[in-house]
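As structure tokens, the structure follows; a few thoughts come after it.
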Amino acid sequence: MDVNTFVSDRNVRLTWIAFFTQWVLWGLVYFVRHAFGHESEGPAPAADPEQEGKKKWRPDGAVGSRLSHAHRVLMENTLLLLSVLVLNTFGGGSTRAVMILTWIYFALTVVVSLSEIGYGHRFVRFVYSTAFYGITLAIGGLAFAQGWSR
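Given below as structure tokens:
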């Protein structure tokens, strides 16, 4: 099967739609995180007596750092997904199975990025990272198992 025939398959189109949707979400968080600043999780700076009476544009809190964590998750997962989808597409690998795995990957990425905004924990990140790694290995494995048949 040549690349043109492969990419015209409906399941391949749906796979790339899932990727583009994740890319749009990444871009949205990339844009929005700048509105909240980049607070760190370290100690707060000492209060400046001259600045105490002035109003701040953005509220205090760690929303910026939480959005930065969500941005990191979206960026890393988008790049991981891109690499295996390119591998599968150019290799002419699986269509339907990769489409299903891609949508699962997208849904899990949305859940993880929202959980990073709400609450981030090292163990939770480890579990999610294991799931993402497993899904990308499966997509890459399908690319080699069912692709490059000539």
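Each residue of the sequence shown is one higher than the one before, counting from 23 in the working numbering.
Built from N, CA and C at the ideal position, the CB exists for glycine as well.
Predicted model, so just to flag it, every value in this text is computed and none were measured.
Taking Cβ positions, are H175 and G49 nearer each other than 8 angstroms?
Past the edges of the chain, shown from 23 to 172, lies residue 175, and the structure says nothing about it.
Taking only the alpha-carbon atoms, compute the straight-line gap between S87 and V146 and give it to the nearest angstrom.
Here residue 87 refers to the residue found at position 65 when the sequence shown is read from its first residue. Here residue 146 refers to the residue found at position 124 when the sequence shown is read from its first residue. Annotation: S87 to V146 spans about 17 angstroms, alpha carbon to alpha carbon.
Mind checking M97: buried by the 16 CB within 10 Å criterion, or exposed?
As a position in the sequence shown, residue 97 is number 75, starting the count at 1. With fewer than 16 Cβ atoms within 10 Å of its Cβ, M97 is classed as exposed.
Please identify the residue among S135, F166, H93 and L102 whose C-alpha is closest to the C-alpha of F112.
What you label residue 112 is simply residue 90 of the sequence shown in a count that begins at 1. Considering only alpha carbons, the answer is F166.
Using 8 angstroms for Cβ pairs, my map puts H187 next to V51. What's the rounded Cβ distance?
Examination of residue 187 is not possible in this model, given that the chain is present from 23 through 172 alone.
Where H91 sits in the DSSP three-state scheme
The residue you call residue 91 lines up with position 69 of the sequence shown. In the structure shown, H91 sits in a helix (DSSP, three-state: H, G or I).
Just the C-alpha distance for G156 and V149, rounded to the nearest angstrom, thanks.
Counting from one through the sequence shown, the residue named residue 156 turns up at place 134. Counting from one through the sequence shown, the residue named residue 149 turns up at place 127. If I take the Cα positions, the gap works out to 11 angstroms.
Do T100 and D31 count as a contact pair if the criterion is CB distance below 8 angstroms?
Here residue 31 is taken as the residue at index 9 of the sequence shown, counted from 1. Here residue 100 is taken as the residue at index 78 of the sequence shown, counted from 1. The answer is no: Cβ separation not under 8 angstroms.
Spatial neighbours of I126 within its chain, please: CB distance less than 8 angstroms, with the 5 preceding and 5 following residues excluded, ordered by chain position.
Numbered from its first residue, the sequence shown carries residue 126 at position 104. A distance below 8 angstroms between beta-carbons, with the five flanking residues on each side excluded, links I126 to the following residues of its chain, in chain order: I157.
What do you get for V108, buried or exposed, if any count of 16 or more other CB atoms within 10 angstroms of its CB means buried?
Position 86 of the sequence shown holds residue 108. Classification of V108: exposed, given that the 10 Å Cβ count is below 16.
For S30, three-class secondary structure by DSSP:
Residue numbering aside, residue 30 sits at position 8 when the sequence shown is read from its first letter. DSSP places S30 in coil when its eight states are reduced to three.
Close-in-space but distant-in-sequence residues of the same chain around S135 (CB under 6 angstroms, 5 per side omitted)
Looking up residue 135 in the sequence shown gives position 113. So the qualifying residues of the chain are A92, V95 and L96.
CB-CB under 7 angstroms to G162, same chain, minus the five flanking residues each way: which ones, in chain order?
Counted from its first residue, the sequence shown places residue 162 at position 140. Closer than 7 angstroms at the Cβ level, and outside the excluded window around G162, lie V106 and L109.
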